[in-house]
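Visitor: Please see the structure below; I have some questions.
2 protein chains.
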Amino acid sequence: MLIMDGLGGLPRKSGGKTELETAHIPNLDALAAMSSLGLTIPVAAGITPGSGPGHLAIFGYDPLQYEIGRGAMEALGIDFEMGPDDLAARGNFCSVDSNGMITDRRAGRIDTNINQELARLLSTIKIDDTEIFIKPIKEHRFAFILRADGLHDTLSDTDPQKIGIPPQPVRALEPKSEKAAVLVNQFINSAQKVLINKHPANMILLRGFAKLPVLPTYQEKYGLNAAAIALNGMYRGVARLVGMKVLVVNGQTLNDEFITLEKYWNEYDFFYLHIKKTDTFGELGDFEGKVKAIEEVDGLLPCLTALKPDVLIVGGDHSTPAVLKSHSWHPVPVLIYSPFVRPEGFPEFGEHACSRGSLGTIPATHIMPIALANALRIAKYGA
Amino acid sequence: MLIMDGLGGLPRKSGGKTELETAHIPNLDALAAMSSLGLTIPVAAGITPGSGPGHLAIFGYDPLQYEIGRGAMEALGIDFEMGPDDLAARGNFCSVDSNGMITDRRAGRIDTNINQELARLLSTIKIDDTEIFIKPIKEHRFAFILRADGLHDTLSDTDPQKIGIPPQPVRALEPKSEKAAVLVNQFINSAQKVLINKHPANMILLRGFAKLPVLPTYQEKYGLNAAAIALNGMYRGVARLVGMKVLVVNGQTLNDEFITLEKYWNEYDFFYLHIKKTDTFGELGDFEGKVKAIEEVDGLLPCLTALKPDVLIVGGDHSTPAVLKSHSWHPVPVLIYSPFVRPEGFPEFGEHACSRGSLGTIPATHIMPIALANALRIAKYGA
Numbered sequence: 182m183l184i185m186d187g188l189g190g191l192p193r194k195s196g197g198k199t200e201l202e203t204a205h206i207p208n209l210d211a212l213a214a215m216s217s218l219g220l221t222i223p224v225a226a227g228i229t230p231g232s233g234p235g236h237l238a239i240f241g242y243d244p245l246q247y248e249i250g251r252g253a254m255e256a257l258g259i260d261f262e263m264g265p266d267d268l269a270a271r272g273n274f275c276s277v278d279s280n281g282m283i284t285d286r287r288a289g290r291i292d293t294n295i296n297q298e299l300a301r302l303l304s305t306i307k308i309d310d311t312e313i314f315i316k317p318i319k320e321h322r323f324a325f326i327l328r329a330d331g332l333h334d335t336l337s338d339t340d341p342q343k344i345g346i347p348p349q350p351v352r353a354l355e356p357k358s359e360k361a362a363v364l365v366n367q368f369i370n371s372a373q374k375v376l377i378n379k380h381p382a383n384m385i386l387l388r389g390f391a392k393l394p395v396l397p398t399y400q401e402k403y404g405l406n407a408a409a410i411a412l413n414g415m416y417r418g419v420a421r422l423v424g425m426k427v428l429v430v431n432g433q434t435l436n437d438e439f440i441t442l443e444k445y446w447n448e449y450d451f452f453y454l455h456i457k458k459t460d461t462f463g464e465l466g467d468f469e470g471k472v473k474a475i476e477e478v479d480g481l482l483p484c485l486t487a488l489k490p491d492v493l494i495v496g497g498d499h500s501t502p503a504v505l506k507s508h509s510w511h512p513v514p515v516l517i518y519s520p521f522v523r524p525e526g527f528p529e530f531g532e533h534a535c536s537r538g539s540l541g542t543i544p545a546t547h548i549m550p551i552a553l554a555n556a557l558r559i560a561k562y563g564a
Numbered sequence: 182m183l184i185m186d187g188l189g190g191l192p193r194k195s196g197g198k199t200e201l202e203t204a205h206i207p208n209l210d211a212l213a214a215m216s217s218l219g220l221t222i223p224v225a226a227g228i229t230p231g232s233g234p235g236h237l238a239i240f241g242y243d244p245l246q247y248e249i250g251r252g253a254m255e256a257l258g259i260d261f262e263m264g265p266d267d268l269a270a271r272g273n274f275c276s277v278d279s280n281g282m283i284t285d286r287r288a289g290r291i292d293t294n295i296n297q298e299l300a301r302l303l304s305t306i307k308i309d310d311t312e313i314f315i316k317p318i319k320e321h322r323f324a325f326i327l328r329a330d331g332l333h334d335t336l337s338d339t340d341p342q343k344i345g346i347p348p349q350p351v352r353a354l355e356p357k358s359e360k361a362a363v364l365v366n367q368f369i370n371s372a373q374k375v376l377i378n379k380h381p382a383n384m385i386l387l388r389g390f391a392k393l394p395v396l397p398t399y400q401e402k403y404g405l406n407a408a409a410i411a412l413n414g415m416y417r418g419v420a421r422l423v424g425m426k427v428l429v430v431n432g433q434t435l436n437d438e439f440i441t442l443e444k445y446w447n448e449y450d451f452f453y454l455h456i457k458k459t460d461t462f463g464e465l466g467d468f469e470g471k472v473k474a475i476e477e478v479d480g481l482l483p484c485l486t487a488l489k490p491d492v493l494i495v496g497g498d499h500s501t502p503a504v505l506k507s508h509s510w511h512p513v514p515v516l517i518y519s520p521f522v523r524p525e526g527f528p529e530f531g532e533h534a535c536s537r538g539s540l541g542t543i544p545a546t547h548i549m550p551i552a553l554a555n556a557l558r559i560a561k562y563g564a
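In structure tokens:
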């Protein structure tokens, strides 16, 4: 499964071509002729997915049933290996005045260096029978993870989202979350003392408390021994969540990712390979950059096809049209190759070709069952 | 949202063109090239919708979840402003013999004039703590509306659907409907006395008791301040039901409807404009008439596009092929225009073009979410 993040696009002007249609992709086009094409809807008609729901959907999990909360996404994003006992939140360093009223929710966007030093200080806080992880991200942002038995994540934010009032204590929104509320409030009280002389970063705000959802793994759901190749923590985290082994990539280039695929080819029977650049250029509004990223993937495709996969899925987790500079609701091009698909017979991989493809416009969650069928791995239903 | 009632059609003979494909519609064709096309399924595969379900679906409400009963449709059809305390039914004047046995369920299809006079008489009947409305329709038909607290609509019909037996008393089909049953039977007893010397219309039959369903409004569901432009009561009624402001149209022509749109353009952020003629000609089996009605709409389209809507939906509530002289189950052509759709690039609006369109063949309820997404009015789902 080759996922180009944010693959789907839009033309720069009406009647023009999308990023994918503009790209010179002879390898993908040739593959398309032998494949079935379609468009995938990650969540629902008109709904723009975040990266979490987009990935869960293409992995075959209903993103309306399984939710990855904001705190958990933040922790996954920095490659923190969250476990089932972990409660995560987004953290901000903030500024408070002598009465404890918030004067700046972002502490003047302190340098990441200062963040790292303060995070080290906060990591020294001890609470009985818990582990606490404070992982600096950038400027004023950090990930907060509390590890203990019996934590639940239905908790209110401490961040009131405005200034002139104090940070709010965490409240349990359900009785089962009382324990977590007590522990988090205990941590916040200690943090306040540790930071008291560290103006502008003399207090913290926490929001988006979340544990990881519990999902059936790829082994349980599909009988697959699956591995993930991704350069960014968030995608590695979501892959880990569904039970994929996250492989070590030596290097940061697309080529390094494909070399990793070759290296481990005989050790797993499913690979998820994630390409981030397509989305990054889309978010930047860089149409040409996204076109070039797609062309770079096309250039590396022969490394993959040379391995002769039984089934090959090429698609995306959502659309990120450069003209919108953001994720969007548009269905996402997909192709499925195997010796057993009904091939389109026409060498073109693009939004229009896919909208006329024989897979139709379908929920993204349908892709894995179709791929498994093409691997002749799904038994007949009924006698 | 421009709705041509019964838009979908069929060719007169196999291999020919449908009404929409036959029509000379340069404006709609040009719009199609810049739009995404598809086909909508109002209720479910193979199901022919009535006007109520067809409209609820294109408005975004699952017509299997929300039902508008026959009595309520009858009341809406004559532009009666039904409220939440109103219980409506279809009424017939009928003939009974000296033993009270029905001899003619339609009272010989009395003149509408006589209907109006008798309806006035029935309107004089008083029942404590209720209001009664008897609204003449045509020949022997009238709408019956009872307004009181605590009414429920699970009631049996009084019309036995055959002659030689007496009208049946209304029975409560659930205990909660007892009050309504008592009041309706009280009214029928009074009506019998009032009409005793009015042969052939010397009795009444009531059927299809219904209150309005309670739906989230367009404001609640979509955050839209919506207005409706329609010449016929039923469509005005369904629009009112979903919280649209029903605008006054001065005149009875399509042009009058488009003038109303222009007049109120700056006062609302969503407009539903309903065209009845397409369906009327379809029901009459008048293929050419339906073609001309579609061409008339095409001629007026520039009045609409000149207003520069952010998003434009052109579609129908169901199909009404002239060859069938009735509503049908066929999916309905639709186009969505906005600067953010993936344009088809080909100037053709018709059933075949739509069946190959990039929206696919989708539930009609998906149209509003996609339209709202194109208006950039839906927030991202998940992180």
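Sequence order for the protein chains is A and B.
My numbering applies: residue 182 is where the first sequence begins, and numbers increase by one.
My numbering applies: residue 182 is where the second sequence begins, and numbers increase by one.
Cβ atoms here follow ideal geometry from the backbone N, Cα and C, with glycine treated the same way.
For a test of the three-state rule: what should DSSP assign to residue 464(B), helix, strand or coil?
Guide: On the second sequence, residue 464(B) is found 283 positions in, with the first residue counted as 1. Residue 464(B): helix per DSSP, three-state reduction.
Visitor: Please name the residue, chosen from 463(A), 418(A), 473(A), that lies closest to residue 252(A) on a Cα-to-Cα basis.
Guide: Locating residue 252(A) in the first sequence gives position 71, counting from the first residue. Answer by Cα proximity: 418(A).
Visitor: In this structure, does DSSP put residue 314(A) in helix, strand or coil?
Guide: Counting from 1 along the first sequence, the entry for residue 314(A) is found at position 133. DSSP places residue 314(A) in strand when its eight states are reduced to three.
Visitor: Does residue 426(B) come out as helix, strand or coil in the three-state DSSP assignment?
Guide: What you label residue 426(B) is simply residue 245 of the second sequence in a count that begins at 1. In the structure shown, residue 426(B) sits in a strand (DSSP, three-state: E or B).
Visitor: Taking 8 Å as the cut-off, decide whether the C-beta atoms of residue 306(A) and residue 295(A) are in contact.
Guide: Within the first sequence, the letter at position 125 stands for residue 306(A). Within the first sequence, the letter at position 114 stands for residue 295(A). No, these two residues do not count as a Cβ contact at 8 Å.
Visitor: Name the chain B residues whose beta carbon is nearer than 7 Å to that of residue 254(A)?
Guide: For the purposes of this step, residue 254(A) is identified with residue 73 of the first sequence, where counting begins at 1. Simply 564.
Visitor: Between residue 226(A) and chain B, is any beta-carbon pair separated by less than 8 Å?
Guide: Here residue 226(A) refers to the residue found at position 45 when the first sequence is read from its first residue. Answer yes: the Cβ-Cβ gap between residue 226(A) and chain B drops below 8 Å somewhere.
Visitor: Can the beta-carbon of residue 190(B) be found closer than 8 Å to that of residue 510(B)?
Guide: Start at 1 with the first residue of the second sequence, and residue 190(B) comes out as number 9. Start at 1 with the first residue of the second sequence, and residue 510(B) comes out as number 329. Not a contact, by the Cβ cut-off of 8 Å.
Visitor: Show which residues of chain B have a CB atom less than 8 Å away from the CB atom of residue 313(A).
Guide: For the purposes of this step, residue 313(A) is identified with residue 132 of the first sequence, where counting begins at 1. Simply none; closest approach about 22 Å.
Visitor: Sort 196(B), 182(B), 200(B) by Cα distance to residue 477(B) and report the nearest one.
Guide: Position 296 of the second sequence holds residue 477(B). Comparing Cα positions, the closest option is 200(B).
Visitor: Using the three-state DSSP reduction, which class does residue 204(A) fall into: helix, strand or coil?
Guide: The residue labelled residue 204(A) in the question sits at position 23 within the first sequence. Looking at residue 204(A) - three-state DSSP - the assignment turns out to be coil, as it is neither helix nor strand.
Visitor: Alpha carbon to alpha carbon, how far is residue 195(A) from residue 561(B)?
Guide: Here the question's residue 195(A) lines up with position 14 in the first sequence. Here the question's residue 561(B) lines up with position 380 in the second sequence. Rounded to the nearest angstrom, the two C-alpha atoms are 24 Å apart.
Visitor: Check whether the Cβ of residue 384(B) lies closer than 8 Å to any Cβ atom in chain A.
Guide: Translated into the one-based positions of the second sequence, residue 384(B) becomes position 203. Answer no: the Cβ-Cβ gap between residue 384(B) and chain A never drops below 8 Å.
Visitor: Leaving out five residues before and five after residue 238(A) in sequence, what residues of the same chain have Cβ atoms less than 6 Å from its Cβ?
Guide: Counting from 1 along the first sequence, the entry for residue 238(A) is found at position 57. Hits under 6 Å: 223, 244, 545, 546.
Visitor: Counting only beta-carbon separations shorter than 8 Å, does residue 217(A) have a partner in chain B?
Guide: Numbered from 1 along the first sequence, position 36 holds the residue referred to as residue 217(A). No, its Cβ sits nowhere closer than 8 Å to a Cβ of chain B.
Visitor: Could you check the C-alpha separation between residue 390(A) and residue 453(B) for me, to the nearest Å?
Guide: The residue you call residue 390(A) lines up with position 209 of the first sequence. The residue you call residue 453(B) lines up with position 272 of the second sequence. Approximately 42 Å, taken between the alpha carbons.
Visitor: Hey, is residue 496(B)'s beta-carbon within less than 8 Å of any beta-carbon in chain A?
Guide: Numbered from 1 along the second sequence, position 315 holds the residue referred to as residue 496(B). Not one chain A Cβ lies under 8 Å of residue 496(B).
Visitor: I'd like to know whether the C-beta of residue 533(B) is nearer than 8 Å to at least one C-beta of chain A.
Guide: As a working note, residue 533(B) is residue 352 in the second sequence. No - not a single Cβ of chain A is within 8 Å of the one on residue 533(B).
Visitor: Using a C-beta to C-beta distance shorter than 7 Å, which residues of chain A count as neighbours of residue 526(B)?
Guide: To locate residue 526(B), count along the second sequence from 1; it is residue 345. By Cβ distance, chain A contributes 196.
Visitor: Are the beta-carbon atoms belonging to residue 488(A) and residue 436(A) less than 8 Å from one another?
Guide: If you number the first sequence from 1, residue 488(A) lands on position 307. If you number the first sequence from 1, residue 436(A) lands on position 255. Not in contact: residue 488(A) and residue 436(A) (Cβ atoms no closer than 8 Å).
Visitor: Counting only beta-carbon separations shorter than 8 Å, does residue 404(B) have a partner in chain A?
Guide: Counting from 1 along the second sequence, the entry for residue 404(B) is found at position 223. No, residue 404(B) lies away from the interface with chain A (no Cβ there is under 8 Å from its Cβ).
Visitor: Round the Cβ separation of residue 217(A) and residue 525(A) to the nearest angstrom and send it over; I've been treating them as touching at under 8 Å.
Guide: Locating residue 217(A) in the first sequence gives position 36, counting from the first residue. Locating residue 525(A) in the first sequence gives position 344, counting from the first residue. Confirmed, Cβ separation roughly 7 Å.
Visitor: Using DSSP's beta-bridge definition, name the partner residues of residue 230(A).
Guide: Reading the first sequence from its first residue, position 49 is the one you call residue 230(A). According to DSSP, which records beta bridges pairwise, residue 230(A) is partnered with 562(B).
Visitor: Could you name the residues of chain E that residue 537(B) contacts, counting a contact when the two beta carbons are closer than 9 Å?
Guide: Protein chains in the displayed structure are A and B, and chain E is not among them.
Visitor: In the DSSP assignment, find the unbroken beta strand (DSSP E) run with residue 217(A) in it and report its ends.
Guide: For the purposes of this step, residue 217(A) is taken as the residue at position 36 of the first sequence. 217-222 is the extent of the beta strand (DSSP E) around residue 217(A).
Visitor: Using three-state DSSP, classify residue 282(B) as helix, strand or coil.
Guide: In the second sequence, residue 282(B) corresponds to position 101, counting from 1. Reduced to three states, the DSSP call for residue 282(B) is coil.
Visitor: To the nearest whole angstrom, what separates the beta carbons of residue 311(B) and residue 300(B), a pair I think is in contact under 8 Å?
Guide: Reading the second sequence from its first residue, position 130 is the one you call residue 311(B). Reading the second sequence from its first residue, position 119 is the one you call residue 300(B). Not a contact, Cβ separation roughly 17 Å.
Visitor: Scan the region 483-511 of chain B for residues whose Cβ lies nearer than 7 Å to a Cβ of chain A and list them as they occur along the chain.
Guide: From the region 483-511 of chain B, no residue has a Cβ closer than 7 Å to chain A.
Visitor: Quickly, what does DSSP pair residue 387(B) with across the bridge? List them, please.
Guide: Against the second sequence, residue 387(B) aligns to sequence position 206. Looking at the DSSP assignment, residue 387(B) forms a beta bridge with 272(B).
Visitor: Helix, strand or coil: how does DSSP classify residue 239(A) here?
Guide: To locate residue 239(A), count along the first sequence from 1; it is residue 58. Three-state DSSP puts residue 239(A) in a helix.
Visitor: Are the beta-carbon atoms of residue 563(B) and residue 394(A) separated by less than 8 Å?
Guide: Within the second sequence, residue 563(B) is the residue found at index 382, counting from 1. Within the first sequence, residue 394(A) is the residue found at index 213, counting from 1. Contact: no.
Visitor: Unbroken beta strand (DSSP E) runs of length 3 or more, entirely within the region 432-485 of chain A: which are they?
Guide: Runs found: 451-456.
Visitor: Does the contact criterion of 3 or more C-beta pairs under 8 Å hold for the region 527-536 of chain A versus the region 424-438 of chain B?
Guide: At 8 Å Cβ cutoff, the stretches do not touch.
Visitor: For residue 323(A), report the span of its alpha helix (DSSP H) as first-last.
Guide: Here residue 323(A) is taken as the residue at index 142 of the first sequence, counted from 1. Element bounds for residue 323(A): not the alpha helix (DSSP H) but the beta strand (DSSP E), 322-328.
Visitor: Taking 8 Å as the threshold (beta carbon to beta carbon), is residue 286(B) in contact with chain A?
Guide: Working through the second sequence from its first residue, we reach residue 286(B) at position 105. Judged by the 8 Å Cβ criterion, residue 286(B) is not in contact with chain A.
Visitor: Between the alpha carbons of residue 521(A) and residue 553(A), how many angstroms are there, rounded?
Guide: Residue numbering aside, residue 521(A) sits at position 340 when the first sequence is read from its first letter. Residue numbering aside, residue 553(A) sits at position 372 when the first sequence is read from its first letter. Whole-angstrom Cα-Cα distance: 11 Å.
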